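So for the sequence shown, my numbering puts the first residue at 1; every next one is plus one.
Just so it is clear, CB atoms sit at the ideal spot from N, CA and C, and this is done for glycine as well.
Keep in mind it's a predicted model, so treat the numbers as computed, not measured.
So the structure is just underneath, and the comments pick up after that.
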Amino acid sequence: MGVAGSGKSTVGALLAERLGAPFVDADALHSDESIAKMTRGEPLVDADRWPWLARVADVVATGREGRGVVIACSALRTAYRDAIRRGTDDVVFVHLAADESVLAARLQTRTGHFMPPALLASQLDALEGLSPCENGVTITASAHPTTIADLLVDQLT
Numbered sequence: 001m002g003v004a005g006s007g008k009s010t011v012g013a014l015l016a017e018r019l020g021a022p023f024v025d026a027d028a029l030h031s032d033e034s035i036a037k038m039t040r041g042e043p044l045v046d047a048d049r050w051p052w053l054a055r056v057a058d059v060v061a062t063g064r065e066g067r068g069v070v071i072a073c074s075a076l077r078t079a080y081r082d083a084i085r086r087g088t089d090d091v092v093f094v095h096l097a098a099d100e101s102v103l104a105a106r107l108q109t110r111t112g113h114f115m116p117p118a119l120l121a122s123q124l125d126a127l128e129g130l131s132p133c134e135n136g137v138t139i140t141a142s143a144h145p146t147t148i149a150d151l152l153v154d155q156l157t
């Protein structure tokens, strides 16, 4: 979990590979309308997010039936993570945290993604870090993605 530019997709794919689990980028689960909205530089509102979060939760539920699943998802607020969990405790969230300047620099060089750098501020405003009662870890996302993935394997297995 984390804001745009934190490395969710890159680290998530590496972690899934190391764990032998499938990887899903939740960005692929957004509706065409939500993607168009973000492309225009308009932040999503909860009415946009709830159907998307339900699709993410469906992927989580399917993952529980097999070897698990690694999902790259912003999951910015506690309520969103609660919706993804659907009342179970076996979902582990990894918050990839980075300074705003690092995130902004990454977004300026990112290509092929619908999320414009202009929406970073709205994501940072919405972000609620993991609470002590949530199952998860917060990692500073300044190290190389392979280093982060290796660290997570050690912490999560």
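Ala97 carries a strand assignment under DSSP once its states are collapsed to helix, strand and coil. Contact between Gly2 and Leu96 holds: CB atoms are separated by about 4 Å, below the 8 Å threshold. Counting along the chain, Asp48 sits inside the alpha helix (DSSP H) bounded by residues 46-64. When the five nearest sequence neighbours on each side are left out, the beta carbons in the same chain lying within less than 7 Å of the beta carbon of Ala57 are those of Ala83, Ile84, Arg86, in order along the chain. Around the beta carbon of Gly5, a 10 Å sphere encloses 16 or more other beta carbons of the protein chains shown; the residue is thus reported as buried. The three-state reading of DSSP puts Ala126 in helix, counting H, G and I together. Counting C-beta atoms within 10 angstroms of its own C-beta, Cys133 has fewer than 16 neighbours from the protein chains shown and is therefore classed as exposed.
Ala72 sits buried, since 16 or more C-beta atoms from the chains shown fall within 10 Å of its C-beta. In this structure, Gly41 places its C-beta atom within 8 Å of the C-beta atom of Leu119. Counting along the chain, Val69 sits inside no beta strand (DSSP E), nor does DSSP assign it H or E at all. When C-beta atoms of the segment 51-70 are compared with those of the segment 133-148, fewer than three pairs fall below 8 Å, so the two segments do not count as touching. For Val92, no beta strand (DSSP E) segment is defined, and its DSSP state is neither H nor E. Short of 6 Å from the beta carbon of Asp25, and not among the five residues preceding or following it, lie these beta carbons of its own chain, in chain order: Ser9, Ala72. Distance from Ala98 to Ala47 at the Cβ level is roughly 29 Å; contact not present, criterion being Cβ atoms closer than 8 Å.
If the five residues before and after Val94 are omitted, its C-beta is found closer than 7 Å to the C-beta atoms of Met1, Gly136, Val137, Ile139, Leu152, all from its own chain and listed in chain order. Using a Cβ distance threshold of 8 Å, Phe23 and Gly7 do not count as a contacting pair.
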